[in-house]
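J.: The structure that follows is given in the form of structure tokens.
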Amino acid sequence: MPASTITACRACGAKGLEVVLSLGRTPLANRFLSAEEIDLPEPRYPLDLAFCPGCALVQITVTVPPEDLFREYLYLSSFSDTMLDHARDIAARLISEQKLSEESLVIEIASNDGYLLQFYKERGIPVLGIEPAVNVARIAMDERGIPSICEFFTQEIAQGLLGTNQQADLIHANNVLAHVADLNSVVRGIEVLLKDTGIAVIEVPYVGDLIDHCEFDTIYHEHLCYFSLTTLDQLFRRHNVPIFDVERLPIHGGSLRIFASKTRPKSGQGSNGGKPQSRAVREMLRAEKERGMDSIAFYKEFALKVGSLRERLVMMLNGLKREGKRLAAYGASAKGSTLLNYFGIGKETLDFVVDRSTFKQGRYTPGTHLPIYAPETLLKEPPDYVLLLTWNFADEILVQQAEYLRRGGKFITPVPEPKIMGEGAASSK
Numbered sequence: 011m012p013a014s015t016i017t018a019c020r021a022c023g024a025k026g027l028e029v030v031l032s033l034g035r036t037p038l039a040n041r042f043l044s045a046e047e048i049d050l051p052e053p054r055y056p057l058d059l060a061f062c063p064g065c066a067l068v069q070i071t072v073t074v075p076p077e078d079l080f081r082e083y084l085y086l087s088s089f090s091d092t093m094l095d096h097a098r099d100i101a102a103r104l105i106s107e108q109k110l111s112e113e114s115l116v117i118e119i120a121s122n123d124g125y126l127l128q129f130y131k132e133r134g135i136p137v138l139g140i141e142p143a144v145n146v147a148r149i150a151m152d153e154r155g156i157p158s159i160c161e162f163f164t165q166e167i168a169q170g171l172l173g174t175n176q177q178a179d180l181i182h183a184n185n186v187l188a189h190v191a192d193l194n195s196v197v198r199g200i201e202v203l204l205k206d207t208g209i210a211v212i213e214v215p216y217v218g219d220l221i222d223h224c225e226f227d228t229i230y231h232e233h234l235c236y237f238s239l240t241t242l243d244q245l246f247r248r249h250n251v252p253i254f255d256v257e258r259l260p261i262h263g264g265s266l267r268i269f270a271s272k273t274r275p276k277s278g279q280g281s282n283g284g285k286p287q288s289r290a291v292r293e294m295l296r297a298e299k300e301r302g303m304d305s306i307a308f309y310k311e312f313a314l315k316v317g318s319l320r321e322r323l324v325m326m327l328n329g330l331k332r333e334g335k336r337l338a339a340y341g342a343s344a345k346g347s348t349l350l351n352y353f354g355i356g357k358e359t360l361d362f363v364v365d366r367s368t369f370k371q372g373r374y375t376p377g378t379h380l381p382i383y384a385p386e387t388l389l390k391e392p393p394d395y396v397l398l399l400t401w402n403f404a405d406e407i408l409v410q411q412a413e414y415l416r417r418g419g420k421f422i423t424p425v426p427e428p429k430i431m432g433e434g435a436a437s438s439k
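With the working numbering as the guide, the letters of the sequence shown map in order to residues 11 to 439.
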């Protein structure tokens with residue numbers, strides 16, 4: 011199935027989408043190449059960010075078939091200590107708050123390698139993962155014993171589970187809603203799959219932080235949508251799963267964690283039940299309205315900010331190269347692919363990329379074709395500077411690379427402003 015271009019909003023169906031930023035034609039950000047593939051033609055697709063005047067959803071205009079993106083996937087959450095700690099903390103909290111037990115069921119949509127569900131399973135709570143990537147689902151099942159359905163989550167999948175009496179006390183969906191072309195089917199599926207007393211806990215990168223911190227590199231073909239609470243509130247209300255609470259999280263450069271529950275009929279009052287909306291939700295919706303996040307004007311200057319960032323970072327790297335410095339990068343990430351390809355940073359600037367993922371080592375970066383090695387390479391063949399492409403995990407990586415820093419190595423964080431960090435950075439926050 012070829013890629014397609016939308017003419018209406020993925021959430022509300024409104025026409026008249028307005029382009030905010032164009033990043034040109036780029037390769038698929040997680041399509042890391044084997045040595046045999048680097049000389050073959052590499053598919054590239056337009057990467058344009060647009061605003062919906064109907065519901066304020068920010069979204070890209072091209073949809074690459076999900077089978078091309080996710081059936082074989084190389085991002086494993088368990089390679090990040092930050093992600094594991096994040097998962098452990100929320101699981102412990104929700105087990106207590108929701109009084110989960112061996113009689114409960116926790117379902118995660120896009121469960122990856124079982125990094126989150128393992129913490130429920132360890133406490134004897136039944137779990138079920140729904141993960142479309144065959145290789146990743148296999149790791150969850152074989153290495154962690156997580157029962158998994160290897161499919162994309164839809165309303166039809168939810169109806170099938172309902173037919174086998176599998177309804178959830180808790181549904182997790184972390185960093186997956188942004189990947190979804192048919193948002194309405196997924197949210198309807200959540201409504202179907204939740205018990206009347208259940209809750210859905212969903213995390214998404216926050217578009218407010220993306221704009222404020224110039225996080226343009228989180229834009230790639232896997233991320234179809236970029237959410238404000240205003241947009242999410244409309245989407246979930248439309249499917250009778252209103253958001254009752256929200257939290258701001260620092261992870262991934264700034265995220266929202268929303269809590270939603272089904273509306274339940276009150277006697278004689280129709281479908282007006284469910285959990286009451288928290289003060290946090292009301293205040294955030296009000297703040298977004300006051301900032302104008304429901305208007306195209308809020309997003310208009312984003313392209314100018316990205317252009318200025320590109321000019322400053324490229325100037326810094328070129329200056330270091332003229333001084334005879336050796337440069338590499340850390341993090342064979344999707345965001346790194348967007349940054350390198352849009353900024354035009356490749357082999358003429360960087361010698362290699364390192365990454366903890368053993369699944370990426372030995373491959374090459376999309377578009378720029380930089381070799382990917384293990385992090386130990388920073389000590390074996392030390393560059394003078396390392397461009398930190400996975401800046402969202404900076405604290406974790408700087409601690410891991412304390413020896414490289416001690417030997418005089420330096421990191422460059424590109425977002426939100428190019429910044430050089432040397433010894434002592436590993437202990438700073």
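Note that the Cβ used here is the ideal one computed from N, Cα and C, for glycine as well.
Nearest to Q444 by alpha carbon, out of G155, K370 and Y395?
T.: Here the chain covers residues 11 to 439 and nothing more, so residue 444 does not appear.
J.: What residues in its chain sit with their C-beta under 8 Å from that of G302, if we drop five residues either side in the sequence?
T.: The residues are F308.
J.: Mind checking who R336 pairs with in its DSSP beta bridge?
T.: Bridge partners of R336: none, in fact.
J.: Where does T423 fall in DSSP's three states?
T.: DSSP places T423 in strand when its eight states are reduced to three.
J.: Using the C-alpha atoms, what's the distance from A39 back to N145?
T.: Rounded to whole angstroms, N145 to A39 spans 18 Å at the Cα level.
J.: Verify whether the separation of the beta carbon atoms of Y374 and A45 is less than 9 Å.
T.: It is a contact, given that the beta carbons lie within the stated cut-off.
J.: Say whether the segment 122-142 touches the segment 225-240, bearing in mind that this needs 3 or more beta-carbon pairs closer than 8 Å, one atom from each stretch.
T.: The segment 122-142, when compared against the segment 225-240, does not touch it at the 8 Å Cβ threshold.
J.: Whole angstroms are fine: how far does the CA of V197 sit from the CA of G170?
T.: Cα to Cα, the separation comes out at about 15 Å.
J.: Output the distance between the C-alpha atoms of P477 and L319, rounded to the nearest integer angstrom.
T.: Missing from the structure shown is residue 477; the chain here goes from 11 to 439 and no further.
J.: Determine which residues share a DSSP beta bridge with M431 and list them.
T.: Partner(s): F421.
J.: Would you decide whether S281 is buried or exposed? Buried here means 16 or more other CB atoms lie within 10 Å of its CB.
T.: Low local confidence applies: a pLDDT of 38 at S281 is under 50, so the model's placement there is unreliable, with the coordinate-based value given in what follows. Per the 10 Å Cβ criterion, exposed.
J.: Could you give the residue range of the beta strand (DSSP E) that holds A270?
T.: Segment S265 to A270, the beta strand (DSSP E) holding A270.
J.: Once DSSP output is grouped into helix, strand and coil, what is the label at T207?
T.: Here T207 sits in strand by DSSP.
J.: Considering only the alpha carbon of each residue, which of A338, L27, K370 and W401 lies closest to L388?
T.: Ranking the options by Cα distance to L388, first place goes to A338.
J.: Taking C-alpha atoms, which residue in A18, A24 and V29 lies nearest to E442?
T.: As shown, the chain starts at 11 and ends at 439. That puts residue 442 outside it, with no answer to give.
J.: Roughly how many angstroms separate the alpha carbons of R20 and Q69, rounded to a whole number?
T.: One C-alpha to the other measures close to 8 Å.
J.: With distance defined between alpha-carbon atoms, name the residue in E358, A313 and L349 nearest to R332.
T.: Nearest C-alpha to R332: E358.
J.: Please report the residue range of the alpha helix (DSSP H) in which A102 lies.
T.: D91 to E107 is the extent of the alpha helix (DSSP H) around A102.
J.: Can you give me the start and stop residues for the beta strand (DSSP E) that R248 sits inside?
T.: No beta strand (DSSP E) holds R248; the alpha helix (DSSP H) holding it covers L239 to R248.
J.: Any chance you could list the alpha helix (DSSP H) runs of at least 4 consecutive residues sitting entirely within the segment 130-208, in chain order?
T.: Within the segment 130-208, the complete alpha helix (DSSP H) runs of at least 4 residues are 144-154, 165-173 and 193-203.
J.: Could you please give the first and the last residue of the uninterrupted alpha helix (DSSP H) stretch that includes T348?
T.: A344 to F353 is the extent of the alpha helix (DSSP H) around T348.
J.: What separation, rounded to the nearest whole angstrom, lies between the Cα atoms of E47 and K299?
T.: Each residue's Cα considered, the two are about 48 Å apart.
J.: Using the C-alpha atoms, what's the distance from F353 back to S14?
T.: If you take the alpha carbons of S14 and F353, they lie about 25 Å apart.
J.: Taking buried to mean at least 16 other C-beta atoms within 10 Å of its own C-beta, is P424 buried or exposed?
T.: P424 comes out buried.
J.: According to DSSP, which residues form a beta bridge with P56?
T.: DSSP, once it has assigned bridges, lists R35 as partnering P56.
J.: Tell me, which residues are paired with T73 by DSSP?
T.: In the DSSP output, where bridge partners are listed per residue, T73 has S14.
J.: Between the beta-carbon of L204 and the beta-carbon of Q177, is there less than 9 Å?
T.: Their beta carbons are under 9 Å apart, which means L204 touches Q177 by this criterion.
J.: Can you give the beta carbon distance from P63 to P142, rounded, assuming they're within the 8 Å contact cut?
T.: The Cβ separation is near 32 Å, so there is no contact.
J.: For I117, which residues does DSSP report across the bridge?
T.: The partner list for I117 (beta bridge, DSSP) reads L138 and I181.
J.: Quick check on DSSP: helix, strand or coil for V251?
T.: Coil.
J.: Using a Cβ-Cβ cut-off of 7 Å (strictly less than) and excluding sequence neighbours within five positions of E201, which residues of its own chain qualify?
T.: Same-chain partners within the cutoff: H249, N250, V251 and K272.
J.: In three-state terms, what does DSSP make of I407?
T.: Of the three classes helix, strand and coil, the one that applies to I407 here is helix, per DSSP.
J.: Looking only at C-alpha atoms, which of M431, E52 and R54 sits nearest to A5?
T.: Nothing about residue 5 can be reported from this structure: the residues present for the chain run from 11 to 439 only.
J.: Could you give the DSSP three-state label for F61: helix, strand or coil?
T.: Of the three classes helix, strand and coil, the one that applies to F61 here is strand, per DSSP.
J.: From the DSSP output, in three-state form, read off I48 for me.
T.: DSSP places I48 in coil when its eight states are reduced to three.
J.: Once DSSP output is grouped into helix, strand and coil, what is the label at E28?
T.: In this structure, E28 counts as strand in the three-state DSSP scheme.
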